[in-house]
Amino acid sequence: MTKHDDALTEPRDNFIIDAVAEDLAAGRYTRPVCTRFPPEPNGYMHLGHAKGATIAYGVAQRFGGLFNLRMDDTNPAAEDQVFVDAMIEDVAWLLGCDLEGRVFYASDYFDQLYQYALQLIDKDLAYVEELTLEQIREYRGNFFKPGRPSPWRDRPVADSRRLFEEMKAGQHAPGSLTLRAKIDPAHGNMNMRDPVLYRILDQTHHRAGPWRIYPMYDYAHPLSDAIEGVTHSTCGKEFADHRPLYDWCLANVDIVEPPRQIEYAEIGITGVVLAKRHLRKLVESGVVERWDDPRLPTVRGLRRRGVPAEAIVRFCEELGVSDGSPGSVDTARLEATLRDYLNAEVPRVMGILNPLKVTIENIPEGQVEQLDAPFMPDSDAHGSRSLPFSREIYIDRDDFMKDPPKKYYRLAPGREVRLRYAYVLACTEVIEDPETGEVLELRGTIDPDTKGKNPADGRKIKGTIHWIDAGAAVPAEVRLYTNLFTDALEAFDGSQAIQDYVDPSSLELVTGALVEPSLRDAKVGHRVQFERVGYFAVDPDSESAGHLVFNRTATLRDNKFKKIFKG
RNA sequence: UCGGGUAUCGUCUAAUGGUAGGACAGCGGAUUCUGAUUCCGCCAAUCAAGGUUCGAGUCCUUGUACCCGAACCA
């Protein structure tokens, strides 16, 4: 079922797995273990969803069971088919599976759900309410004040049944009537104070068609789980208070071996905003262009940035599942997992963000040497390519300094560096703009006896830099991303405008970059490491832009280098 | 003030009455034709107070702190 080799095969044991194992041992279910990921199709999938999907999928995998993707599409006012399609695509990509026909819709159960509601009415466990929204709220009380019974609570069963049928038939105005469970108006748990089961909506369902009554989450969810044969229904702890109602619904209609809801602690990520309304605000206000902006924590955004699905899944798994109180992990954790994956999997190439020309005076004009360079050092994993090398090359401006500090072991006047996979280069001359002092070009010589070996006289070359032959360099655009938000986000409590926390330099556009010739026909999505620079992926814009566009997926760690300049 | 939940290194997470462990972050060092990777080392925790027990992070009592909950949203 999965295409990911290592990531999902052996999820770590956790308290959910223990609970499922206990249920199995106790013989609670005669059907196979089945879990589900139940997004509402009213937005794009993000990291928070990814964790939920990973957990549910992992439990199913662990027990050789089934995994359902179910659209919790019970509120047509908020939902849309484009989100349904996007969600299916994202989940399939993330999990690396084709879902094998296991995509379901709560809206497909509307008829069955209606029948169950009739059962509740007939058992005098549900009644049709005539109170308005405001009245219901007032009657319900609050945390400190118990609710009191609705005057319609003891309406005869036959009346409720007739009214409910009329609601379905569209004979009552939206908001005029609801169906309520008859549980306990004064219950300590607010969810149990005669919760609304059905409301009338003047909406046609994007999938189910011309319905007029729509089930509420608390009613539709447990029954949808049961209808699908779900055994274990995982969700965030914010639903723990809903579990009694989940169980009540299942216990009072005609259902055997009811599914079991298990809540785990949702976890935040520092520096990341997941709330749908804030994400939407960022898109609508134009802070980011689209939902797949590589700075967004949406699955589409991460994917476009070059983050592999396996890395996301592994991140979710490494986080673990706990029933503790929810906290926040540092973004560094995501990056660590990402780098770990990329480091092991991605080919090395050379790319220059800010080119500086170097003329090598002891190479004759017109001479081109082909140098063999592996795509993965010390490994045959990706084979190798041939790099042209001639009199004119480019290096990165960051790799040259006129007046370098002591520990700077790259190029400087009179100093030597190793050109990666080539020769040792000495800088003999710096050509500057006489007015601005800007370095225009360097001249130097190579030591011809240093290909594949160190200088014979034993001198140590401490630095190695990347380069690209001037005649073969391919122009490219590079987009450098950092966190979308400034550190001020820490103080964000959800009430301010999220746009005010956006870091305007979170995207840096580099238009004059150069990449090595092996990348000329790189496909969209292709991931590489520009040696010494970072990890990059080819952006879809490459197809329309007429040149290669790379997104920086992650930087390389640079813990030692920082110190050279910061003392 | 009601209901539910949770307290373990800075962070996330193990330890199911028997050596408090791992990962991330941080800090040292070694190796390196990527200042990457890799390797080694260091730092660092059981919310508090009582109790049960040969033995408590785990069980009990009391207290404290934090999270969630008052849509005809999910």
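Going by numbering that gives the first Met the number 0, the first sequence opens with residue 0, and the numbers climb by one from there.
Backbone N, C-alpha and C define an ideal beta-carbon position, used for all residues, glycine too.
Nearest-angstrom beta carbon gap, residue j and residue i [assumed within contact, 8 Å]
i, j, result
"Val-255", "Cys-33", "Between Cys-33 and Val-255 the Cβ distance is about 14 Å, and since that is not below 8 Å, they are no contact."
"Ser-149", "Glu-165", "19 Å between Cβ atoms; not a contact."
"Val-83", "Pro-40", "4 Å"
"Arg-206", "Ser-106", "5 Å"
"Arg-384", "Ser-517", "4 Å"
"Ser-324", "Ile-268", "About 16 Å separates the two Cβ atoms, so there is no contact after all."
"Arg-303", "Pro-539", "7 Å"
"Tyr-115", "Leu-222", "6 Å"
"Ile-266", "Leu-318", "6 Å"
"Thr-406", "Gly-42", "A small fix is needed here, since residue 406 is Lys in this sequence, not Thr. That belief does not hold up - the Cβ atoms of Lys-406 and Gly-42 are roughly 49 Å apart, past 8 Å."
6 Å CB neighbourhood of residue i in its chain, flanking five on each side removed
i, result
"Glu-440", "Lys-356, Ile-430"
"Leu-386", "Leu-370, Ala-372"
"Arg-279", "none"
"Asp-557", "none"
"Gln-528", "Val-345, Arg-347, Tyr-534"
"Lys-236", "Glu-262, Ala-264"
"Arg-192", "Arg-139, Gly-146, Pro-184, His-186"
"His-525", "Val-537"
"Val-514", "Gly-350, Val-473, Ala-475"
"Ala-425", "Glu-415, Gly-443, Thr-444"
"Gly-169", "Arg-211"
"Phe-14", "Asp-322"
"Val-423", "Glu-415, Arg-417, Asp-446, Thr-449, Ile-460"
"Ala-6", "The pLDDT assigned to Ala-6 is 37, lower than 50, so where the model puts this residue is not dependable; a value taken from the coordinates is nonetheless given after this. Excluding positions up to five away in sequence, the list reads Glu-309, Val-312, Arg-313."
"Trp-466", "Ile-392, Ile-394, Leu-418"
"Asp-4", "A caution first: Asp-4 carries a pLDDT of 37, below 50, which makes its placement in the model unreliable, though a value can still be read off. Closer than 6 Å at the Cβ level, and outside the excluded window around Asp-4, lies no residue."
"Ala-250", "none"
"Gly-566", "Bear in mind that a pLDDT of 39 at Gly-566, under 50, signals an unreliable position, so the number given afterwards is only what the model happens to contain. If we look at Gly-566 and ignore the five residues flanking it on each side, it has no Cβ neighbours."
Neighbourhood of residue i by C-beta, 8 Å cutoff - its chain only, sequence neighbours within 5 removed
i, result
"Asn-353", "Asp-395, Arg-396, Asp-397, Val-509, Gly-511, Ala-512"
"Leu-23", "Val-32, Phe-62"
"Ser-159", "Ile-120, Ala-125, Tyr-126, Val-127, Leu-178"
"Ser-284", "Gln-498"
Spatial neighbours of residue i in its chain, beta-carbon cut-off 7 Å, leaving aside the 5 residues before and after
i, result
"Leu-93", "Ala-49, Ala-52, Val-298, Ala-308, Ile-311, Val-312"
"Cys-315", "Ala-49, Lys-50, Thr-53"
"Asn-67", "Cys-33, Arg-35, Arg-101, Phe-103, Glu-227, Val-229"
"Tyr-340", "Pro-307, Glu-309, Ala-310, Arg-313"
"Tyr-500", "Phe-484, Thr-485, Ala-487, Leu-488, Phe-491"
"Thr-29", "Glu-256"
"Ala-521", "Val-537, Leu-547"
Opening and closing residue of the alpha helix (DSSP H) in which residue i lies
i, result
"Leu-386", "Where Leu-386 is concerned, there is no enclosing alpha helix (DSSP H), although the beta strand (DSSP E) it sits in stretches over 383-389."
"Arg-302", "298-304"
"Leu-333", "330-344"
"Phe-512", "Checking the sequence, you will find Ala at residue 512 rather than Phe. Not the alpha helix (DSSP H): Ala-512 falls in the beta strand (DSSP E), residues 506-514."
"Arg-276", "275-283"
"Ala-544", "541-544"
Terminal residues of the beta strand (DSSP E) in which residue i lies
i, result
"Tyr-500", "Counting along the chain, Tyr-500 falls outside any beta strand (DSSP E), and DSSP gives it neither H nor E."
"Gly-595", "The structure shown does not extend to residue 595, since the chain spans only 0 to 566, so no value can be given for it."
"Glu-476", "473-480"
"Phe-529", "526-529"
"Ile-567", "Residue 567 is absent from the model: the chain starts at 0 and stops at 566."
"Phe-14", "That residue, Phe-14, is in no beta strand (DSSP E); its alpha helix (DSSP H) goes 14-24."
"Leu-318", "Leu-318 -> not in any beta strand (DSSP E); alpha helix (DSSP H) instead, spanning 308-318."
"Glu-262", "259-263"
"Ala-553", "547-554"
"Ala-536", "533-537"
"Ala-425", "423-431"
"Ala-567", "With the chain running from 0 to 566 in the structure shown, residue 567 is simply not present."
"Pro-354", "354-359"
"Val-416", "415-418"
Any non-hydrogen atom of the ligand FAD closer than 7 Å to residue i Cβ
i, result
"Gly-187", "You won't find the ligand FAD in this model; it holds no ligand whatsoever."
Those runs of the beta strand (DSSP E) which lie wholly inside the region 37-106 and span at least 3 residues: 65-70, 102-104
In chain order, what are the residue ranges of uninterrupted alpha helix (DSSP H) at least 4 long that sit wholly in the region 120-197? For the region 120-197, whole alpha helix (DSSP H) runs of length 4 or above, ordered along the chain, are 132-139, 156-167.
At what residue ranges does the region 201-249 contain a whole run of the beta strand (DSSP E), taking only runs of 3 or more? Correct list: 212-214, 231-235.
Is the number of C-beta pairs between the region 36-50 and the region 90-104 that are closer than 8 Å three or more? yes
Taking one C-beta from the region 70-88 and one from the region 215-230 each time, how about it: are there three or more such pairs within less than 8 Å? Three or more Cβ pairs closer than 8 Å define a contact, and the region 70-88 meets that threshold against the region 215-230.
Indicate whether the contact test is met: 3 or more Cβ pairs, each with one atom in the region 232-241 and one in the region 252-270, closer than 8 Å. yes
Between the region 545-553 and the region 474-481, are three or more C-beta pairs nearer than 8 Å? yes
Per the contact definition of three or more C-beta pairs closer than 8 Å, is the region 491-501 in contact with the region 433-449? no
Could you tell me whether the region 238-256 touches the region 454-471, where touching means 3 or more Cβ pairs closer than 8 Å? no
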